[in-house]
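Trainee:
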Amino acid sequence: MTVEQAEVESLIRATASGDESAFSRLYRIYYARLVRYAALRLNDKDAAQTVAQKVMLAIWNGASSYEGRARPDSWIFGIAHHKTVDAQRRRDQQSLPLGPEKMNENLIYATGSPELRQVEDRDWVIGALLQLSHHHREVVFLAFYQDLPYREIAEILNIPTGTVKSRMHYAMHHLRKLLRRGGGDVT
Amino acid sequence: VTKPDAACREMEQLLPWYINGTLSGDEMLDVTRHLHRCTSCRGALVDLLRLRGSIRQALNDWEAGTPDDSPRAKPLAQIALQQLGRRLQVGMIGQLLDDRDEQSRVFAPPADIYTRTVWRWVPDAVRKLLQQPVA
């Protein structure tokens, strides 16, 4: 376990006993990451922020249920996965198409300033990530941004470990193609 | 080994987790041994390292690009206090626990979090608000 994960685990324990400063620290560490995780699936900044807030509240209310069997990151992103899937399901059930204004706002959120997206590698990479299926984006995020083991990713997503590995393999292959096709020299 | 073979396919699928350092000891050893003798997989490793670096950088920059007014860096209690403060200012304290739908767009705590956190902040919030003229 890394030092950060050990720290996070102690913060969760402290949160379970009602320590608000420990929870504030967790909030600072995870809120933006959770927004990013949800946004990669939902492609909607507002919805992603709502998901992140709900996850943080679930942590506050459920910190005592963390048993320490998995890494703290896995526990937190397991909650995030469920909340994000719920949010997507609700949106799909409502079947509300995004208006042009909303679409444009989301595109800007996804790819950065429109004026810069032709020249910045970041925008090519985020744009390419958003072209992957959400199944693949999730695995890439959890493996390469959260540095989670494939076994724990399998638990979070409730899929076999072989599927995690094959999704990652496909995602990398597809990302390389997208980035080269897009002209970005990032691989 | 200089050309991909069956072992390469298995090893390549482990490379992302070799890079993030979360393979088991045995798996780590297997991949390391394979990389020592396989130029193709060493090339794949370098390629993957660069791709991972780009992804992490892009996501970190994306994080920096979120609006400054987002509540991402604010502790929960501070957000709750601000919302409670706004409601006190417009005399809506009685509706605090009733209009959960409206709150859910911004901040949707279950009722017990108010008991555990927010109400402890009320005296301070009230004190601060009393010091300010109501608009």
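Quick mapping for you: the protein sequence lines, in order, are chains A and B. Quick note, in the working numbering, the first sequence goes up one by one and the last residue is 187. Quick note, in the working numbering, the second sequence goes up one by one and the last residue is 135. By construction, the Cβ of each residue, glycine as well, lies at the ideal position given by its N, Cα and C atoms.
1. Which residue wins for smallest C-alpha separation from A/Arg202, given the options A/Ala47, A/Arg71, A/Ala63?
2. Evaluate A/Thr15 with the Cβ neighbour count: other Cβ atoms within 10 Å of its Cβ, from every protein chain shown; 16 or more gives buried, anything less gives exposed.
3. Could you give the distance in angstroms between the alpha-carbon of B/His34 and the alpha-carbon of B/Gly43?
4. Is it the case that the Cβ atoms of A/Val139 and B/Ile55 are separated by a distance below 9 Å?
5. Under three-state DSSP, which class holds A/Asp44?
6. In this structure, how does DSSP classify A/Glu67 when only helix, strand and coil are distinguished?
7. Report yes if the C-beta distance between A/His135 and A/Leu40 is below 9 Å; otherwise report no.
8. Give the single residue among B/Asn20, B/Arg37, B/Arg52 whose Cα lies nearest to the Cα of B/Asp5.
9. For B/Leu15, which residues of its own chain have a beta-carbon under 8 Å away from its beta-carbon, when the five flanking residues on both sides are left out?
10. For A/His173, count the other beta carbons within 10 Å of its own beta carbon; 16 or more makes it buried, fewer makes it exposed. Which is it?
11. In whole angstroms, what separates the C-alpha of A/Ala143 from that of B/Thr22?
12. Based on Cα-Cα distance, which residue from A/Arg89, A/Gln146, A/Val164 lies nearest to A/Ala154?
13. Jot down the residue ranges of each uninterrupted alpha helix (DSSP H) in the region 13-52 of chain B, minimum 4 residues, whole runs only, in chain order.
14. Closer than 8 Å, Cβ to any Cβ of chain A: which residues of the region 45-65 of chain B, in chain order?
15. Which term fits B/Arg9, buried or exposed, when burial requires 16 or more other beta carbons within 10 angstroms of its beta carbon?
16. Do B/Gln57 and A/Arg122 have their C-beta atoms closer together than 9 Å?
17. For the region 72-83 of chain A against the region 17-24 of chain A, are there 3 or more C-beta pairs whose distance is under 8 Å?
18. Can you pull the chain B residues whose beta carbon is under 8 Å from the beta carbon of A/Asp147, in chain order?
Mentor: In short:
1. Nothing in the structure corresponds to residue 202 of chain A, since chain A is present only between 1 and 187.
2. If you number the first sequence from 1, residue 15 of chain A lands on position 15. Looking at its Cβ environment, which holds 16 or more other Cβ atoms inside 10 Å, A/Thr15 is buried.
3. Along the second sequence, read from residue 1 onward, the residue named residue 34 of chain B stands at position 34. Along the second sequence, read from residue 1 onward, the residue named residue 43 of chain B stands at position 43. Looking at the two C-alpha atoms, the distance is approximately 12 Å.
4. Residue mapping note: residue 139 of chain A aligns to position 139 of the first sequence, counting from 1. Residue mapping note: residue 55 of chain B aligns to position 55 of the second sequence, counting from 1. Against a cut-off of 9 Å, the Cβ pair of B/Ile55 and A/Val139 comes out as no contact.
5. As a first step, residue 44 of chain A must be located in the first sequence, where it is residue number 44. Note: A/Asp44 maps to coil in three-state DSSP.
6. One-based indexing of the first sequence puts residue 67 of chain A at position 67. DSSP places A/Glu67 in coil when its eight states are reduced to three.
7. Along the first sequence, one-based indexing puts residue 135 of chain A at 135. Along the first sequence, one-based indexing puts residue 40 of chain A at 40. Result no, Cβ atoms of A/His135 and A/Leu40 do not sit closer than 9 Å.
8. Residue mapping note: residue 5 of chain B aligns to position 5 of the second sequence, counting from 1. When each option's Cα is compared against that of B/Asp5, the closest is B/Arg37.
9. Taking the first residue of the second sequence as position 1, residue 15 of chain B is located at position 15. Only Val31, Cys41, Ala44, Leu45, Leu48 meet the Cβ criterion.
10. Here residue 173 of chain A refers to the residue found at position 173 when the first sequence is read from its first residue. It is exposed - the Cβ of A/His173 has fewer than 16 other Cβ atoms within 10 Å.
11. Within the first sequence, the letter at position 143 stands for residue 143 of chain A. Within the second sequence, the letter at position 22 stands for residue 22 of chain B. In a straight line, the C-alpha of A/Ala143 is about 9 Å away from that of B/Thr22.
12. To locate residue 154 of chain A, count along the first sequence from 1; it is residue 154. Ranking A/Arg89, A/Gln146, A/Val164 by Cα distance to A/Ala154 puts A/Val164 first.
13. 25-37
14. Asp47, Leu48, Arg50, Leu51, Arg52, Ser54, Ile55, Arg56, Gln57, Ala58, Leu59, Asp61, Trp62, Glu63, Gly65
15. Numbered from 1 along the second sequence, position 9 holds the residue referred to as residue 9 of chain B. Flag for B/Arg9 reads exposed.
16. As a first step, residue 57 of chain B is located in the second sequence; it is residue number 57 there, counting from the start. As a first step, residue 122 of chain A is located in the first sequence; it is residue number 122 there, counting from the start. Cβ distance < 9 Å, so B/Gln57 and A/Arg122 count as in contact.
17. no
18. Numbered from its first residue, the first sequence carries residue 147 of chain A at position 147. Per Cβ cutoff of 8 Å: Asn20, Gly21, Thr22.
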